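Chemist:
There are 2 protein chains.
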Amino acid sequence: MPGVADVRAWLGERRDATRFQVGRIPFAELDGWSFDGPTGNLVHDSGRFFTVEGLRVSIDGDRPREWQQPIICQFEVGILGILAKRFDGVLHFLMQAKMEPGNPNLLQLSPTVQATRSNYTKVHRGASVRYLEYFTGGEPVRVLADVLQSEHGAWFCRKRNRNMIVEATGDVPEHEDFRWLTLGQLAGLLHLDNVVNMDARSVLACMPGAGGPTALHSDVELRSWIAAERSRHIVTTERVPRAGLRHWVQGPWSIDHEERRHFRVVAVSVRAGNREVTRWTQPLFEPYETGIVAYVTRTFEGVPHVLARARVEGGFLDTVELGPTVQAIPGNYAHVPASERPAFIDLVSSADPSRVRYSAVHSEEGGRFLNAESRYMVVEADEDEAPIDPPAGFRWVTPGQLTMLAQHSHYLNVQARSLLACLNAMAARGAAGAALTP
Amino acid sequence: MPGVADVRAWLGERRDATRFQVGRIPFAELDGWSFDGPTGNLVHDSGRFFTVEGLRVSIDGDRPREWQQPIICQFEVGILGILAKRFDGVLHFLMQAKMEPGNPNLLQLSPTVQATRSNYTKVHRGASVRYLEYFTGGEPVRVLADVLQSEHGAWFCRKRNRNMIVEATGDVPEHEDFRWLTLGQLAGLLHLDNVVNMDARSVLACMPGAGGPTALHSDVELRSWIAAERSRHIVTTERVPRAGLRHWVQGPWSIDHEERRHFRVVAVSVRAGNREVTRWTQPLFEPYETGIVAYVTRTFEGVPHVLARARVEGGFLDTVELGPTVQAIPGNYAHVPASERPAFIDLVSSADPSRVRYSAVHSEEGGRFLNAESRYMVVEADEDEAPIDPPAGFRWVTPGQLTMLAQHSHYLNVQARSLLACLNAMAARGAAGAALTP
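Chain order of the listed sequences is A and B. Going by this note's numbering, the first residue of the first sequence is number 3, and it counts up by one from there. Going by this note's numbering, the first residue of the second sequence is number 3, and it counts up by one from there.
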């Protein structure tokens, strides 16, 4: 069985073979994209793919807030699908070496199929999507997971993708851009920076588990807490013209927040050999700096738990989803008093290395986000730092409970799912993940 | 243990004791409610309770449609809660004899607590909500069910209520408007017309079950089908001013569809003794005729199944929820060709009495809807009438699978939950429900 080094070598070889180039361009050089006259929304001539519009968000509750921001609107549901197959009784997953223009290293391991509806209905008039037939009923399969999951609520307006894992029952043709990998190999790769892409992490998190050991709170208590958190907030969102957004400024190369915080909208030109079409331009969202995505972990009565946070994000379809303990871009809070900084951010960002159970840099979806990297961490804490009765909006859950919730829509946000894939990778690695292995 | 007749007698006695009157009034006589100047939206002076606005719905997919309609907007999440307690080891449920102005017989059995957020935060300055403390952490309880569930997607814009069943661990004070009833008694009452109100039916459907016998499709296959159905439709909704709605006409007493179909908006004046305040006026939605809400049922390999339909309704938060086999107001289809009538409507409405396993008239929520009655039915079919491979958008499921889905938001619409409570009542009644008792 090839090791992590072999997979990296193969990725490097595919990277060399495809010779792709990505460069920033001014908006005026976008091909097929333009700013719509009255609204200033960034749209494609075909009316498909996605648009960049404006969103006004107001949150009523304990801490009322209101803001405006650019937002990516993409209401079609795409397919993120991993094809699985047993070889000698061991389940393998067919992973793709795929280029996405926003990835810092361009090419990462992605699901077998990663297709917007525009992709597979051929709006772009490119090649057909390889292996798609396994996810659309064309080939016989056994469904292991199939669930609509949200993506970044801070950047997307109600975006969801169908996260699927299906097991092939017959022979599957090979292709040089694809490799069969075991969960063990994927676990090893998930410990490396920028190898397993966001979509792959999200889909892997939806793999059903065997049920876990006894949790601090029962499943019904956990769902009850989620219902309570959803009732506590009233979130109102309204799509508004992009052009009139308060505090956002449009230049020839980018649309920026006037304090240069959060993210900016930019444009790139892409040339590639193994994509469905060989040249295109497109807008991307670019965060200003690396984020932190972290679970604080503790063991109660021998059972590892992580601290989940009920998060309100403007782009969620439902009011609240569970996120990691910390999910923040630290620089966004540089100007605010300590009392308004996200809870546990200092615990996580200044943790002694002996407390860090997992740490790797991963990118968010490279088809929409440019250099959107976050350090994903799991940090062990004690009762003083993270009490068994946590602050409002937080709750201790087991990885098994997160896996149960990941079988349904609207429960785990994309960062929580990414980090769940990392938790599972820690457990699979054994010794390195001992703290979280039941 | 008191029988069904005793409960009806008690309801009649409470009805006599409270002397309430409901009368239609013109909009001009609404007190505290008015039409907002520019939009024509019907709003309360306090800015709370609910508003009647306009909604534009467009559905992209196999059969694109677009329409405009008045819609009730109420974004606060209320609590529908049933308090349970064991007496001699048997679980009892504390049901309330509650008046709602839109119920044809005014007073029906409702959950212990039925409170909008406005109710329990005292916007109306009335009496406090009895037993509310059991649902808000004030009294120790064991949570049996707690889930946000949608209400009528054809009449509400993204309305959800928290459906809760909690078991009291200590003594519970008595009150003359409340009675402890067993599941068996409730099953008997659910076979009567207009006794168990919509909120009670919805909450009872969320009571967890023991898991059922083997279904035709596994749970993961069922969820996969739901994910596929959600991906198949793109639903876009936009709140628009009520005043400019196409095909709707405002008169002094009502707002009607120009073809007098669907429903109309009316106003009523209410006087009552046992409500939180003793007199008020309010708008209500009034359908033009009685609806049909029905499951077609068949038994496969000894296991009873019902035929669920993936429904798109404009007011759903998520695109699709599962509804009954038939959910329709027959008159709305009187003018359309047979091929466009809802599937299975003729099978259900002209079923031979020997095929009818359940039939009772129930009302929808009497706090928002006036005389909104539907005949709830369960009708046995054969392979010719309802094949094991049903038309697109339909799928055979077991009552146990519906119960599993009812533990989560976004799966079962309110009619499906009502009818699930009826299915459970059939099973509890034994002989009468033999066809659906595993």
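Don't be surprised by glycine CBs; every beta carbon is placed ideally from N, CA and C. As the structure is a computational prediction, the values presented were derived from the model and not from experiment.
Once the 5 residues before and after Phe-158 of chain A are set aside, which same chain residues still bring their CB inside 6 Å of it?
Modeler: Here the question's residue 158 of chain A lines up with position 156 in the first sequence. Excluding positions up to five away in sequence, the list reads Ile-74 and Gly-317.
Chemist: With a cut-off of 8 Å on the beta carbons, I'd call Arg-164 of chain A and Met-97 of chain A a contact; round off their distance for me.
Modeler: As a working mapping, residue 164 of chain A is identified with position 162 in the first sequence. As a working mapping, residue 97 of chain A is identified with position 95 in the first sequence. Wrong, their Cβ atoms sit about 18 Å apart, outside the cutoff.
Chemist: Taking Cβ positions, are Val-197 of chain B and Leu-13 of chain B nearer each other than 9 Å?
Modeler: Locating residue 197 of chain B in the second sequence gives position 195, where the first residue counts as 1. Locating residue 13 of chain B in the second sequence gives position 11, where the first residue counts as 1. Yes. Within cutoff.
Chemist: Please report how far the alpha carbon of Ser-48 of chain B lies from the alpha carbon of Gly-34 of chain B, in whole angstroms.
Modeler: If you number the second sequence from 1, residue 48 of chain B lands on position 46. If you number the second sequence from 1, residue 34 of chain B lands on position 32. Their Cα atoms are separated by approximately 8 Å.
Chemist: Alpha helix (DSSP H) containing Ser-411 of chain B: first to last residue?
Modeler: The residue given as residue 411 of chain B occupies position 409 in the second sequence. Neither: Ser-411 of chain B is in no alpha helix (DSSP H) and is coded neither H nor E.
Chemist: What does the alpha-carbon distance come out to for the pair Pro-243 of chain A and Gly-42 of chain A?
Modeler: As a position in the first sequence, residue 243 of chain A is number 241, starting the count at 1. As a position in the first sequence, residue 42 of chain A is number 40, starting the count at 1. So the two alpha carbons sit approximately 6 Å from each other.
Chemist: Compare the C-alpha of Val-298 of chain B against each of B:Leu-425, B:Gln-70, B:Ala-408 and B:Glu-135 and name the closest.
Modeler: On the second sequence, residue 298 of chain B is found 296 positions in, with the first residue counted as 1. Of the listed residues, the one whose Cα sits closest to Val-298 of chain B is B:Leu-425.
Chemist: Rounding to the nearest angstrom, what Cα-Cα distance links Gln-252 of chain B and Thr-53 of chain B in this structure?
Modeler: Residue mapping note: residue 252 of chain B aligns to position 250 of the second sequence, counting from 1. Residue mapping note: residue 53 of chain B aligns to position 51 of the second sequence, counting from 1. Near 16 Å, if we compare the C-alpha coordinates of Thr-53 of chain B and Gln-252 of chain B.
Chemist: What residues in the segment 220 to 238 of chain B have a beta carbon less than 8 Å from any beta carbon of chain A?
Modeler: For the segment 220 to 238 of chain B, which is checked against every Cβ of chain A, the residues closer than 8 Å are Val-222, Glu-223, Arg-225, Ser-226, Ala-229, Ala-230, Arg-232, Ser-233, Ile-236 and Thr-238.
Chemist: Could you tell me whether any Cβ in chain A is nearer than 9 Å to the Cβ of Leu-150 of chain B?
Modeler: The residue you call residue 150 of chain B lines up with position 148 of the second sequence. It does; some Cβ of chain A falls within 9 Å.
Chemist: Considering only the alpha carbon of each residue, which of B:Ala-212, B:Arg-67, B:Glu-55 and B:Pro-66 lies closest to Gln-76 of chain B?
Modeler: For this step, residue 76 of chain B is matched to residue 74 along the second sequence. Among B:Ala-212, B:Arg-67, B:Glu-55 and B:Pro-66, the Cα nearest to that of Gln-76 of chain B is on B:Glu-55.
Chemist: When you check each C-beta in the segment 126 to 146 of chain A against every C-beta of chain B, which residues fall closer than 8 Å?
Modeler: Within the segment 126 to 146 of chain A, the qualifying residues are Val-145 and Leu-146.
Chemist: Taking 8 Å as the threshold, find out whether the segment 7 to 22 of chain B comes into contact with the segment 167 to 177 of chain B through three or more Cβ pairs.
Modeler: Verdict: no, contact absent.
Chemist: Should Pro-210 of chain B be flagged as near chain A, meaning a C-beta pair shorter than 9 Å?
Modeler: Working through the second sequence from its first residue, we reach residue 210 of chain B at position 208. Answer yes: the Cβ-Cβ gap between Pro-210 of chain B and chain A drops below 9 Å somewhere.
Chemist: Is the segment 267 to 275 of chain A in contact with the segment 85 to 96 of chain A, if contact means three or more CB pairs nearer than 8 Å?
Modeler: Touching, no, given that fewer than three Cβ pairs across the two stretches are closer than 8 Å.
Chemist: Pull up the distance between the alpha-carbon of Ala-274 of chain A and that of Val-131 of chain A, whole angstroms please.
Modeler: Here the question's residue 274 of chain A lines up with position 272 in the first sequence. Here the question's residue 131 of chain A lines up with position 129 in the first sequence. If I take the Cα positions, the gap works out to 16 Å.
Chemist: Mind checking who Arg-273 of chain B pairs with in its DSSP beta bridge?
Modeler: The residue you call residue 273 of chain B lines up with position 271 of the second sequence. Its beta-bridge partners are B:Gln-23 and B:Arg-281.
Chemist: Answer with buried or exposed for Ile-390 of chain B, where buried requires no fewer than 16 other C-beta atoms within 10 angstroms of its C-beta.
Modeler: Stepping through the second sequence from its first residue, residue 390 of chain B is reached at position 388. Classification for Ile-390 of chain B: exposed.
Chemist: Among the candidates B:Thr-184, B:Ala-212 and B:Gly-213, whose CA atom is the shortest distance from the CA of Asp-90 of chain B?
Modeler: On the second sequence, residue 90 of chain B is found 88 positions in, with the first residue counted as 1. Among B:Thr-184, B:Ala-212 and B:Gly-213, the Cα nearest to that of Asp-90 of chain B is on B:Thr-184.
Chemist: Check distances from the C-beta atoms of the segment 389 to 415 of chain A to those of chain B and list, in chain order, the residues that come in under 8 Å.
Modeler: Hits within the stretch, in order: Gln-409, His-410, Ser-411 and His-412.
Chemist: Using the C-alpha atoms, what's the distance from Tyr-133 of chain A back to Arg-203 of chain B?
Modeler: Position 201 of the second sequence, counting from 1, holds the residue named residue 203 of chain B. Position 131 of the first sequence, counting from 1, holds the residue named residue 133 of chain A. Those two C-alpha atoms are separated by around 45 Å.
Chemist: To the nearest angstrom, report how far apart Pro-339 of chain A and Thr-114 of chain A are at their CA atoms.
Modeler: By one-based count along the first sequence, residue 339 of chain A stands at place 337. By one-based count along the first sequence, residue 114 of chain A stands at place 112. For Pro-339 of chain A and Thr-114 of chain A, the distance between alpha carbons rounds to 45 Å.
Chemist: Could you say if the segment 284 to 300 of chain A and the segment 201 to 216 of chain A meet the contact criterion of at least three C-beta pairs nearer than 8 Å?
Modeler: Touching, no, given that fewer than three Cβ pairs across the two stretches are closer than 8 Å.
Chemist: So Leu-185 of chain A contacts chain B; which residues on that side make the cut at Cβ distance below 9 Å?
Modeler: In the first sequence, the residue the question calls residue 185 of chain A occupies position 183. Those within 9 Å of Leu-185 of chain A in chain B number zero; the least Cβ separation is about 18 Å.
Chemist: If the cut is a Cβ gap below 8 Å, which residues of chain A does Phe-77 of chain B touch?
Modeler: Mapped onto the second sequence, residue 77 of chain B falls at position 75. Here the neighbours are Ile-236 and Thr-238.
Chemist: When the distance is taken between beta carbons, is Val-168 of chain B closer than 9 Å to Ala-86 of chain B?
Modeler: If you number the second sequence from 1, residue 86 of chain B lands on position 84. If you number the second sequence from 1, residue 168 of chain B lands on position 166. Yes, these two residues count as a Cβ contact at 9 Å.
Chemist: Residues of chain B with CB closer than 9 Å to the CB of Asp-195 of chain A, please, in chain order.
Modeler: Stepping through the first sequence from its first residue, residue 195 of chain A is reached at position 193. Within chain B, no residue comes near Asp-195 of chain A; the closest Cβ sits about 32 Å away, beyond 9 Å.
Chemist: Apply the 10 Å Cβ neighbour rule to Glu-102 of chain B and answer buried if 16 or more other Cβ atoms are within range, or exposed otherwise.
Modeler: Indexing the second sequence from 1 puts residue 102 of chain B at position 100. So Glu-102 of chain B ends up on the buried side.
Chemist: Run down chain B in chain order and give the residues with a C-beta less than 7 Å from the C-beta of Arg-528 of chain A.
Modeler: Nothing about residue 528 of chain A can be read from this structure; chain A reaches only from 3 to 440.
Chemist: Kindly say whether Ile-74 of chain B, judged by its beta-carbon, lies nearer than 9 Å to any beta-carbon of chain A.
Modeler: Start at 1 with the first residue of the second sequence, and residue 74 of chain B comes out as number 72. Not an interface residue.
Chemist: Where in the segment 29 to 104 of chain A do unbroken runs of the beta strand (DSSP E), each at least 3 residues long, occur, reported from the N-terminal end onward?
Modeler: With a minimum length of 3 residues, the continuous beta strand (DSSP E) runs that stay inside the segment 29 to 104 of chain A are 35 to 37, 44 to 46, 53 to 62, 67 to 75, 80 to 89 and 92 to 101.
Chemist: Determine the direct distance from the alpha carbon of Ala-170 of chain B to that of Asp-384 of chain B, and round the result to whole angstroms.
Modeler: The residue you call residue 384 of chain B lines up with position 382 of the second sequence. The residue you call residue 170 of chain B lines up with position 168 of the second sequence. Distance between the alpha carbons of Asp-384 of chain B and Ala-170 of chain B: 45 Å.
Chemist: So, does the CB of Arg-377 of chain B fall closer than 9 Å to a CB anywhere in chain A?
Modeler: Indexing the second sequence from 1 puts residue 377 of chain B at position 375. Judged by the 9 Å Cβ criterion, Arg-377 of chain B is not in contact with chain A.
Chemist: Compare the C-beta of Arg-65 of chain B against all C-beta atoms of chain A and say whether one is closer than 9 Å.
Modeler: Locating residue 65 of chain B in the second sequence gives position 63, where the first residue counts as 1. Cβ-Cβ to chain A under 9 Å: no for Arg-65 of chain B.
Chemist: Could you tell me whether the Cβ of Arg-119 of chain B comes closer than 9 Å to any Cβ of chain A?
Modeler: Translated into the one-based positions of the second sequence, residue 119 of chain B becomes position 117. Yes - at least one Cβ of chain A is within 9 Å of the one on Arg-119 of chain B.
Chemist: Starting from Ala-202 of chain A, follow the alpha helix (DSSP H) in both directions and report where the run begins and ends.
Modeler: Your numbering for residue 202 of chain A matches position 200 in the first sequence. Note, Ala-202 of chain A: alpha helix (DSSP H), 200 to 207.
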